[in-house]
Amino acid sequence: MDENHYSEVFVVGGFKWRISIYPKGNNTKEYLSMYLNTADSSTLTSESGLSRIVKFSLTVVNQLDRNKSIKTSTCKDFKDISSGWGFREFLLLSEIRDLSKGYLVNDNVIVEAEVQFVRVILDS
Numbered sequence: 001m002d003e004n005h006y007s008e009v010f011v012v013g014g015f016k017w018r019i020s021i022y023p024k025g026n027n028t029k030e031y032l033s034m035y036l037n038t039a040d041s042s043t044l045t046s047e048s049g050l051s052r053i054v055k056f057s058l059t060v061v062n063q064l065d066r067n068k069s070i071k072t073s074t075c076k077d078f079k080d081i082s083s084g085w086g087f088r089e090f091l092l093l094s095e096i097r098d099l100s101k102g103y104l105v106n107d108n109v110i111v112e113a114e115v116q117f118v119r120v121i122l123d124s
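Going by UniProt numbering, the first residue of the sequence shown is number 1, and it counts up by one from there.
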């Protein structure tokens with residue numbers, strides 16, 4: 001189970017998105033890695049000039065105390081065929097595996113994403 005996993009595709013602002021999760025890290029073995037990806041990047045070309053400025057946050061929900069959930073936010077430019085942005089060292093796997101911490105309950109980890117467009121630019 002070293003590979004990454006994808007959420008279902010969801011639509012925000014008329015564009016398709018998905019979350020990619022690396023349960024055993026992305027080039028790091030100690031952290032959960034998570035990214036927001038464009039799910040329609042294969043339809044974009046470098047000539048399209050499409051730039052999507054997006055503010056987003058990814059959250060690992062604490063299922064015992066929601067106030068202890070881990071949320072990280074950023075603002076990035078998803079330009080042309082850029083596949084995604086995110087966090088390679090989102091949360092220590094030891095924190096997730098520690099059942100007393102509340103991130104892993106009944107073998108489930110809940111991940112949330114919030115996506116907000118700042119602006120969409122089409123260069124000519």
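Cβ coordinates follow ideal geometry from the N, Cα and C atoms, glycine included.
Burial state of residue i, where buried means 16 or more other Cβ atoms lie within 10 Å
{"i": "N108", "result": "exposed"}
{"i": "S33", "result": "buried"}
{"i": "V54", "result": "buried"}
{"i": "G14", "result": "exposed"}
{"i": "L99", "result": "exposed"}
{"i": "V60", "result": "buried"}
DSSP state of residue i mapped onto helix, strand, coil
{"i": "L93", "result": "helix"}
{"i": "S69", "result": "coil"}
{"i": "S100", "result": "helix"}
{"i": "A39", "result": "coil"}
{"i": "L32", "result": "strand"}
{"i": "K55", "result": "strand"}
Whole-number beta carbon distance between residue j and residue i, since they are thought to touch under 8 Å
{"i": "V12", "j": "L58", "result": "14 Å between Cβ atoms; not a contact."}
{"i": "N62", "j": "K68", "result": "4 Å"}
{"i": "V118", "j": "F56", "result": "Actually they do not touch by this definition, with Cβ atoms about 10 Å apart."}
Close beta carbons around residue i, own chain, < 8 Å, minus the five adjacent residues each side
{"i": "R88", "result": "G25, N26, N27, T28, Y31, S33"}
Neighbourhood of residue i by C-beta distance below 6 Å, restricted to the same chain and skipping five residues each side
{"i": "R18", "result": "Y6, S7, V9, N37, A39"}
7 Å Cβ shell around residue i - same chain, five flanking residues per side excluded
{"i": "D65", "result": "G102"}
{"i": "L104", "result": "I96, R97"}
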